[in-house]
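Going down the list, the protein sequences come from chains A and B.
Take the first sequence: its letters are residues 1 to 324, numbered as in the numbering used here.
Take the second sequence: its letters are residues 1001 to 1335, numbered as in the numbering used here.
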Amino acid sequence: MAILEVENLSVGYHTQKGYLHAVEGVSFSLEEGKSFGFVGESGCGKTTLGMALMRLLPPNGVIREGRILFEGVDLLQKSDEEMREIRWQKIAMIFQAAMNALNPVHRVHEQIAEAILTHHVSLDKKEAFEQVEELFQLVGISKDRMSDYPHQYSGGMKQRAIIAMALACKPRLIIADEPTTALDVIVQNQILKEIMNLQKEFGISMIFISHDISIVAEVCHDIGIMYAGKLVELGSREEVFSNPAHPYTKALLSSYPTLTGEKSRLIPIQGETPNLIHPPSGCRFRDRCPSTKAACKTGEAVWIENSPRHKTLCYQCGTDCKQG
Amino acid sequence: MNNGKETIIELEHIVKRYASRGSFFGARGKEIIALNKISIKILKGEIFGLVGESGSGKTTAGRLIVRLEKPEEGRIYLNGSEMAGLRGNALKDFHRKVQMIFQDPYQSLNPQLSVFDTISEPLVIHKIGNANDREDAVWQIMKSVGLSPPDDFVNRYPHQLSGGQRQRVAIARVMVLNPDFVVADEPTSMLDASISANIFNILLDMREKLQVTLLFITHSLSAARYLCDHIAVIYKGKMMELGSADQIIQKPKHPYTKALIDALPRFGMPGEINHYNTLLPVARESSEYEGCPFFARCSVANKTKCSLEKPLLKETDDSHWVACFYAVNGTKKGF
């Protein structure tokens, strides 16, 4: 069963220069216990998407259309009060640069206990601390470091503490926005493994947001590639990587240095991402695309099914084309 | 490892210590050893990779080379002459020849200087050329780092540029001096993966066009593999392994290098990947000062030997150096 279904979601920001189309017409569904990864460059709307799912957009952000069905219920119809109940208890978020999210003047375990106490009014402080202890064990922070202040933690430990906090209320869904950016490779690998183990153990569903396609490839069952606010390719990890169809996905893959295989010159993606206040007509990647055609400017967007679990957004070919 | 090529930079038994701040109540702070007897030779025209985690001392090594810091012990040579004694004009000349590209292009550019002023400033400081020559030089270097057409960019300010464009400005500013040696300290760690490839290619082009030698500091072995001719892996200020890029990536010998390779996400299907598994899941207790620095996390270590004795850096095969008592050839396992 799908725990989360997003239909035609469009999100934007009112700015001084006009309305910015940050996310447009994104639809996907996440199966219970699975993980879905969003990949794209900075400014492609992936963080906005995560924030919109939690309904945590800044004041100038608006969800223009679409539905967010969580366990079959549309989150966009909920009142703020109802939403507050769902946040953290059912959907938790690991924010970008979360290590800076810890309050420097409170001990780490107190901050996590506070999150628990806020959402479980029936617990007393002692019970909450016991829960914190369990959580820290889960994420691999030793007991005697529990009552340290954040500055006494290394980056990796802070990140673990943040993960513990996300797990505090045993959520059904965790949205992780670049949870390992700014960490060293070895620590990053440990944290990713930790996240995957916890996910398996508790059957938590996950949405994973990153600019690094290799990390998403490591963690997620399904992958969505985003470009300039639109989802352009969607499919299982295996299919997207072994058989990428959208030119942008191909470009992303060939711009990444690897440890194995032939050492050939990387092909960077030329140009800059388009302006999202006045987005270009047709395919948004057309100015940077090596195989652009006239139809890319004027054509209708069509989702092409490469296989039942692998789709690509294409403007070139109307309905009769099989390959993007 | 010379192969008849000249050495441009040589670090000889470099030791660098920092005193951590003592407590407010007067207790003396601990001494932190950032670099512990590091020796490196960098050949003219190559890209030399220095790989390590944060806190390994890799940035310190770069800062020592450009004289932003002074070593406590050891010597650094540029083209055979020692750097520490440089004064006056020789020092100014040194600063023209040896340059650094910093990690964070959001902080390394002056927000009040336009792109033109940023790139031409080094020429003004070193009194190179007249106004016309400088303009030509700026235009030319902007084209070669991909800021083209230059007219679109010269009058912009850093806040009007994307991260990738800023880093190109930072590279142009360094390369416009036609330096002999450039330290690039994690130049892409603040950038998106897709933009990194651009910066890597610019560095390769610069080596080609300007014959510049580069020290590339990174935490990513896959980036080092792409760019570098030789790679040195350091951990807690100690040299762990040193060799050609192919030796380090394909036949790693040190358990720490193997752990670094294990930790990198791979694109392959999960089933195909074999790991070296040299990293202990939980670090063991160990003394900070005795024995191998990697002992606490090493699964290959011998408990008595490795905890008491520091392994020396030894040459195993042809120009492949490892500091480990139990260095074994990495088999084809991971590949």
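Cβ atoms here follow ideal geometry from the backbone N, Cα and C, with glycine treated the same way.
Taking the alpha carbon of residue i as the reference point, which residue from the options has its own alpha carbon closest?
i	options	result
PRO1311(B)	ASP1136(B), ARG1173(B), GLY1291(B)	GLY1291(B)
LYS158(A)	LEU173(A), SER142(A), PRO171(A)	SER142(A)
ILE213(A)	GLN1107(B), ILE1202(B), SER1196(B)	SER1196(B)
VAL1183(B)	CYS1324(B), THR1060(B), GLN1247(B), ALA1019(B)	THR1060(B)
VAL1098(B)	ILE1076(B), SER1222(B), LEU1035(B), LEU1264(B)	ILE1076(B)
GLU1012(B)	GLU1006(B), SER1020(B), LEU1035(B), ILE1040(B)	ILE1040(B)
ILE215(A)	LYS193(A), LEU234(A), GLY66(A), GLU233(A)	LYS193(A)
THR1148(B)	GLN1165(B), LEU1203(B), ASP1133(B)	Note that residue 1148(B) corresponds to Ser in the displayed sequence, not to Thr. It is GLN1165(B) whose Cα lies nearest to the Cα of SER1148(B).
SER35(A)	ALA168(A), VAL62(A), MET206(A), LEU253(A)	MET206(A)
LYS1314(B)	TYR1326(B), LYS1209(B), ALA1245(B)	TYR1326(B)
LEU138(A)	LEU123(A), ASN197(A), HIS151(A)	ASN197(A)
ILE1202(B)	LEU1086(B), HIS1126(B), MET1142(B)	MET1142(B)
Name the chain E residues whose beta carbon is nearer than 9 Å to that of residue i?
i	result
HIS1230(B)	The question asks about chain E, but that chain is absent: this structure's protein chains are A and B.
Identify the contact partners of residue i in chain B, using a Cβ-Cβ distance below 8 Å as the criterion.
i	result
LYS263(A)	ARG1225, TYR1226
ASP184(A)	GLU1053, SER1054, HIS1219
GLU218(A)	PRO1265, ARG1266
Report the three-state DSSP secondary structure of residue i (helix, strand or coil).
i	result
TRP325(A)	Residue 325(A) cannot be examined here, being either before or after the span of chain A that is shown, 1 to 324.
TYR227(A)	strand
LYS1238(B)	strand
LEU1279(B)	strand
TYR1077(B)	strand
VAL62(A)	strand
VAL23(A)	strand
ARG55(A)	coil
ASN1198(B)	helix
TYR1326(B)	coil
GLY1271(B)	In this prediction, GLY1271(B) has a pLDDT of 49, which is less than 50 and means its spatial position is unreliable; nothing more can be read from the coordinates.
GLU1006(B)	coil
SER1299(B)	coil
GLY324(A)	Reliability of the predicted coordinates at GLY324(A) is poor, the pLDDT of 39 falling under 50, and no value is obtained from them.
ARG1173(B)	helix
ILE277(A)	coil
ARG265(A)	coil
THR47(A)	helix
VAL1233(B)	strand
VAL1212(B)	coil
Applying a beta-carbon distance threshold of less than 7 Å, which residues of chain B neighbour residue i?
i	result
ILE269(A)	SER1194
HIS211(A)	ASP1192, ALA1193
Under a Cβ-count criterion, where at least 16 other Cβ atoms within 10 Å of its own Cβ denotes burial, should residue i be classed as buried or exposed?
i	result
MET1(A)	exposed
GLY1062(B)	buried
TRP1321(B)	buried
TRP88(A)	buried
ILE225(A)	buried
HIS278(A)	exposed
ASP144(A)	exposed
ARG1168(B)	buried
CYS321(A)	Here CYS321(A) scores only 49 on pLDDT, less than 50, and its place in the model should not be relied on; the value that follows carries that caveat. Exposed, because fewer than 16 other Cβ atoms sit within 10 Å of the Cβ of CYS321(A).
PHE1105(B)	It is worth fixing the name first, because residue 1105(B) is Pro in this sequence and not Phe. The residue is buried, with at least 16 neighbouring Cβ atoms inside 10 Å.
ARG265(A)	exposed
ASP1180(B)	buried
TYR1289(B)	exposed
ARG1297(B)	buried
PRO1071(B)	buried
GLN190(A)	buried
ARG1087(B)	exposed
What residues of chain A sit near residue i, judged by a beta carbon separation below 8 Å?
i	result
ASN1201(B)	ARG265, LEU266, PRO268
ILE1248(B)	By Cβ distance, chain A contributes nothing, its closest Cβ being about 11 Å from ILE1248(B), past 8 Å.
ILE1014(B)	Within 8 Å Cβ-Cβ: nothing; ILE1014(B) doesn't reach chain A, min ~23 Å.
SER1162(B)	GLU272
Against residue i, what residues of chain A qualify as contacts under a CB-to-CB distance less than 7 Å, listed in chain order?
i	result
CYS1222(B)	It should be pointed out that residue 1222(B) corresponds to Ser in this sequence rather than to Cys. Those are PRO257, THR258, LEU259, listed as they occur along chain A.
ASN1198(B)	PRO268
Hey, is residue i close to the ligand GDP, as in C-beta under 7 Å from one of its heavy atoms?
i	result
PHE129(A)	This structure lacks the ligand GDP; in fact it carries no ligand of any kind.
Please list, in chain order, the chain B residues whose beta carbon lies closer than 9 Å to that of residue i.
i	result
LEU252(A)	ALA1193, SER1194
ILE325(A)	Here chain A covers residues 1 to 324 and nothing more, so residue 325(A) does not appear.
GLU233(A)	Going along chain B, no residue has its Cβ under 9 Å from GLU233(A), so there is no contact; the nearest lies around 15 Å.
Every unbroken beta strand (DSSP E) inside the stretch 1082–1167 of chain B [3 residues or more]: Within the stretch 1082–1167 of chain B, the complete beta strand (DSSP E) segments of 3 residues or longer fall at 1098–1101, listed in chain order.
Segments of 4+ residues assigned as alpha helix (DSSP H) that fall wholly inside the stretch 190–253 of chain A: 213–219, 237–242
Alpha helix (DSSP H) runs wholly inside the stretch 72–134 of chain A, at least 4 long, in chain order: Fully enclosed alpha helix (DSSP H) runs of 4 or longer: 80–86, 108–119.
Unbroken stretches of the alpha helix (DSSP H), 4 residues or longer, contained in the stretch 154–188 of chain A: Whole alpha helix (DSSP H) segments, 4+ residues: 155–167.
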